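Okay, so here's the structure we're looking at.
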Amino acid sequence: MVSEICQKHGRERVVVSVDAKDGLVALRGWRETSSVTVLELANQMVDLGVVRLLYTDISRDGALTGPDLATNARLAEETGLAVQASGGVASVEHIKGLLPTGVEGVIVGMALYTGTVNLAEAVAAVA
-2 MVSEICQKHG RERVVVSVDA KDGLVALRGW RETSSVTVLE LANQMVDLGV
48 VRLLYTDISR DGALTGPDLA TNARLAEETG LAVQASGGVA SVEHIKGLLP
98 TGVEGVIVGM ALYTGTVNLA EAVAAVA
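If you read the sequence shown in the working numbering, its first letter stands for residue -2, the second for the next number, and so on.
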């Protein structure tokens, strides 16, 4: 199904979202984890034609504890995917810290909602 979607709509227009906890893919609304690592699933997606991946570390999502730099870096470097990082961002420094990992984008949610990150400052910091 993923391959067909990539073919029909164009690989550049498809983003596969992978939620994980402790490096393992989460299932069923984050209630369960599988035995598949996020890196294994990402490589499977590459084989199916995916070029963009949204990675959420659910143990950090909304927690404002900082992003998972190591996994984001591994995903970007080892798969060649355009990775969008999500989970844990609490400051502009966290966003800047993700830049050297090779991620394409950063999702900032709770930090904007709570006001710990100012959108204009964040955009200016990475422009």
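Built from N, CA and C at the ideal position, the CB exists for glycine as well. Computed from a predicted structure; not experimentally measured.
- Of the residues assessed, D19 falls on the exposed side of the cut-off, its CB having fewer than 16 other CB atoms within 10 angstroms.
- Of the candidates M(-2), N115 and E101, the residue whose Cα lies closest to the Cα of G77 is E101.
- In the DSSP annotation of this structure, E29 is not part of any alpha helix (DSSP H); the continuous beta strand (DSSP E) holding it starts and ends at E29 to T34.
- Residue pairing from DSSP places L50 in a beta bridge opposite V13 and V80.
- For L38, the number of other beta carbons within 10 angstroms of its own is at least 16, and it is reported as buried.
- The alpha-carbon separation between E1 and V47 amounts to approximately 11 Å.
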